[in-house]
Amino acid sequence: MSYQINYLQEEDYLIAEVTGNREKDTEAQYALEALAQISEACKSHKLSKVVAVWNIKGAMRPDQALILISNLKKYKWSKDFVTASVHPYKDNFESHQYTVKVAKTLNWNIHFFQSIDEAKMWIRKISTSDILAN
10 MSYQINYLQE EDYLIAEVTG NREKDTEAQY ALEALAQISE ACKSHKLSKV VAVWNIKGAM
70 RPDQALILIS NLKKYKWSKD FVTASVHPYK DNFESHQYTV KVAKTLNWNI HFFQSIDEAK
130 MWIRKISTSD ILAN
């Protein structure tokens with residue numbers, strides 16, 4: 010079973026709320042498939058900023074996080090995207106610190122938040138000139 014995605018377009022960014030159940034051996038694949046769909050939605054709306062809210066309980070294993078980050082480009086995720094990745098469950102947020110390190114090492118413009126309000130506030134501050142400078 011893959012993840013479901015609900016979209017809400019704001020003025021200059023897209024909110025994508027991802028829901029579903031975490032399955033240990035396919036979680037990276039499901040996340041990559043969701044990100045490919047979100048990428049297409051961003052491109053169709055001509056947006057490069059996205060708030061991705063992951064309403065998925067349970068922590069992602071480090072091996073799955075590495076698979077996820079290492080395959081973003083293959084699944085149409087653009088280095089031009091500015092991403093606020095929201096993990097509202099405390100255990101998920103804390104476990105994603107490894108994912109943050111891998112993403113930063115591979116130069117992805119992804120920032121992690123536990124609160125959607127904090128993520129939206131951060132992404133609103135990012136201007137188009139900031140995106141082009143990166």
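My numbering puts the first residue of the sequence shown at 10, with every later residue one more than the last. Glycine is no exception: its CB is placed at the ideal position from the N, C-alpha and C atoms.
The residue among Asn15, Ala93, Pro71 and Thr114 with its C-alpha nearest the C-alpha of Asp34 is Pro71. Bridge pairing for Leu44: absent [DSSP]. Using a 10 angstroms sphere on the CB of Leu81, the tally of other CB atoms reaches 16 or more, which defines it as buried. Nearest C-alpha to Lys129 among Trp117, Ala25 and His54: Ala25. Straight-line measurement puts the Cα of Ala43 at about 20 Å from the Cα of Ile132. Closest by C-alpha distance to Lys83, out of Glu20, Ala40 and His96, is Ala40.
Comparing alpha carbon positions, the residue from Glu127, Glu20, Glu32 and Lys99 closest to His54 is Glu20. In this structure, Leu23 sits away from Leu77, with a CB-CB distance that is not shorter than 8 Å. Contiguous beta strand (DSSP E) elements confined to the region 33 to 86 occur at 58 to 64, taking only those with 3 or more residues. In the assembly as shown, Lys99 is an exposed residue. Its beta-carbon has fewer than 16 other beta-carbons within 10 Å. Residue pairing by DSSP places Tyr16 opposite Ala25 in a beta bridge. Close CB contacts of Asp89 within its chain, under the 6 Å cut and outside five residues either way in sequence, are with Ser57 (chain order).
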